[in-house]
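Undergrad:
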Amino acid sequence: VILFLHGGGYVSGSILSHRGMVAEAGRQAGARTLALGYRLAPEHPYPAALRDALAGYRFLLSAGIAPGRIAVAGDSAGGGLTIATLLSLRDAGMSLPGCAWCLSPWVDLEMTGASIETKAAADPMIQRDYLQELARAYLAGADARDPLVSPLHADLRGLPPLLVQVGSAETLLDDAVRLAGAAASADVAATLESYPDMIHVWPLFHPILAPGRDALAAAGRFIRARLDTVA
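In this text, residue positions in the sequence shown follow my numbering: the first is 1, and each later residue adds one.
#1: Span of the alpha helix (DSSP H) holding residue 62?
#2: Would you call the stretch 141 to 149 and the stretch 76 to 87 touching, i.e. three or more CB-CB distances under 8 Å?
#3: On the three-state DSSP scale, how would you describe residue 195?
#4: Beta strand (DSSP E) containing residue 4: first to last residue?
#5: Let me know the alpha helix (DSSP H) ranges lying completely inside the stretch 120 to 153, each 4 residues or longer, listed in chain order.
#6: Please list, in chain order, all residues of the same chain as residue 88 whose beta carbon is under 7 Å from its beta carbon, the five residues on each side excluded.
#7: Determine the DSSP secondary structure at residue 230, reduced to helix, strand or coil.
#8: Classify residue 208 as buried or exposed, calling it buried when 16 or more other Cβ atoms lie within 10 Å of its own Cβ.
#9: For residue 91, count neighbouring Cβ atoms within 10 angstroms of its own Cβ and tell me buried if that reaches 16, exposed if not.
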């Protein structure tokens, strides 16, 4: 089962907005999918989304799904939420999922990556001013350096195999590159895939965009290869 946490900067996005992409990822992985409609800011700031993500994982466990047969995944803010979920599970001593997939993850709510500026002209989706608005709404006074808010600051040791996918033309390129590097440095089996000239969360356009289909196929292969096949 893929537990999918949608993007939208913690303030927007839904099961509906991501349904096509999530369904295709599930087909490619040969897995069922549970897309979670977690609570959104500003009405429900941090840690509401994280608590909901953890509840979704516990639901799968209660339904008899073995942890090793679960992949936690998300795009953009959902990618950051994916890592925060893994960290929370690890620190609580709970069994971790078989793997994780982060697509164009937003893992630094301070926006310190150089690509925020260097890719601004190439990526029409995400700009610094917009990210700052989203961060203020989600944080509601919380520390942007909290590892459960900005997992770039976290100790990632002990996390399951991780696939990070990013477009080379997106403003959050450095978030993805730094996350994958930090994971590898923490002895996590991390794989980074960069797709040339692609912008933020390009697989949303997979029906008309071949690199979007390619990314979902690669994610499917990654998940299929790593989830426990024992019932």
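Idealized CB from N, CA, C, for every residue including glycine.
All figures in this text were calculated on a predicted structure; none of them were measured in a lab.
TA: Taking the coordinates as given:
#1: By 1-based counting over the sequence shown, the position of residue 62 is 62. From DSSP, the alpha helix (DSSP H) with residue 62 extends over 48 to 62.
#2: The stretch 141 to 149 is in contact with the stretch 76 to 87.
#3: Start at 1 with the first residue of the sequence shown, and residue 195 comes out as number 195. Reduced to three states, the DSSP call for residue 195 is strand.
#4: For the purposes of this step, residue 4 is taken as the residue at position 4 of the sequence shown. Per DSSP, residue 4 belongs to the beta strand (DSSP E) from 2 to 5.
#5: DSSP runs (the alpha helix (DSSP H)) wholly in the stretch 120 to 153: 128 to 139.
#6: Sequence index remark: in the sequence shown, residue 88 carries index 88 (1-based). Within the same chain, 50, 54 and 148 come within 7 Å of residue 88 by CB-CB distance, once the 5 residues on both sides are set aside.
#7: On the sequence shown, position 230 is the one that residue 230 refers to. With a pLDDT of 48 at residue 230, under the threshold of 50, the modelled position of that residue is not reliable, and the figure given next carries that caveat. Coil at residue 230, not helix or strand.
#8: In the sequence shown, counting from the first residue as 1, residue 208 sits at position 208. Exposed.
#9: The residue you call residue 91 lines up with position 91 of the sequence shown. Residue burial is scored here from C-beta neighbours: residue 91 has fewer than 16 other C-beta atoms within 10 angstroms and is therefore classed as exposed.
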